[in-house]
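Peer 1:
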Amino acid sequence: MEYNWPIVLIVVSNVFYHVCSKSTPADVHPLASLTVTYLVGAAVSTGLYLLLNRGGSLLAEYRCLNWSSVVLGLAIVGLEAGSIYMYKAGWNISTGQLIHSSILAVVLILIGYVFYHEAITGTKIAGVLVCMAGLYLINR
Numbered sequence: 116m117e118y119n120w121p122i123v124l125i126v127v128s129n130v131f132y133h134v135c136s137k138s139t140p141a142d143v144h145p146l147a148s149l150t151v152t153y154l155v156g157a158a159v160s161t162g163l164y165l166l167l168n169r170g171g172s173l174l175a176e177y178r179c180l181n182w183s184s185v186v187l188g189l190a191i192v193g194l195e196a197g198s199i200y201m202y203k204a205g206w207n208i209s210t211g212q213l214i215h216s217s218i219l220a221v222v223l224i225l226i227g228y229v230f231y232h233e234a235i236t237g238t239k240i241a242g243v244l245v246c247m248a249g250l251y252l253i254n255r
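Going from the sequence shown to the numbering used here is simple: count from 1 and add 115.
#1: Report yes if the C-beta of residue 242 is less than 7 Å from at least one heavy atom of the ligand SAH; otherwise report no.
#2: Please state whether DSSP places residue 140 in a helix, a strand or coil.
#3: Does DSSP classify residue 173 as helix, strand or coil?
#4: Quick test of the definition: if touching needs 3 or more C-beta pairs under 8 Å, does the segment 155-171 touch the segment 215-230?
#5: If you reduce the DSSP assignment to three classes, tell me which class residue 129 lands in.
#6: Does DSSP classify residue 232 as helix, strand or coil?
#7: Assuming residue 214 contacts residue 250 (C-beta within less than 8 Å), just tell me the rounded distance between them.
#8: Tell whether a beta-carbon distance below 8 Å holds between residue 136 and residue 198.
#9: Any idea if residue 236 is buried or exposed, counting beta-carbon neighbours within 10 angstroms, 16 or more meaning buried?
#10: How would you call residue 188, buried or exposed, if buried means at least 16 neighbouring beta carbons within 10 angstroms?
#11: With respect to the alpha helix (DSSP H) encompassing residue 238, which residues constitute its N-terminal and C-terminal limits?
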């Protein structure tokens, strides 16, 4: 279970993520909504850190950070704003996420190959072809 629980957490969180993104009121600006989202996220992250790392120091942890936390913050704003705008533009919850995830999978295979020297196998190519076929079928 130690290996699988992160995947379960991601799936459950993604379900709530997309339902909440789709349910953001139409008359609320997405970035105003995200200010509340990040305040809640910061409070929960701080609380969990203090609970799970008794005696730990957030300030000491902050001193060890690099550029990735800042860029991740920018990426998260893009992901969340993009999702809310996607649903405001009229995308269905059943297809919008599937389409962007399929495109993302192909891009990450290429990034994995170029920057992390991950192998592009016949299985991965078959997976890309299945994704492309699925995108074709969904958009018919």
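Backbone N, C-alpha and C define an ideal beta-carbon position, used for all residues, glycine too.
Peer 2: In short:
#1: For the ligand SAH, the structure offers nothing, since it holds no ligand at all.
#2: Here residue 140 sits in coil by DSSP.
#3: If DSSP states are grouped into helix, strand and coil, residue 173 belongs with the helices.
#4: Touching, no.
#5: Three-state result, residue 129: helix.
#6: Of the three classes helix, strand and coil, the one that applies to residue 232 here is coil, per DSSP.
#7: Confirmed, Cβ separation roughly 6 Å.
#8: Yes, they are a contact pair.
#9: Residue 236 should be labelled exposed.
#10: Under this definition residue 188 is an exposed residue.
#11: 237-253 is the span of the alpha helix (DSSP H), which, as asked, contains residue 238.
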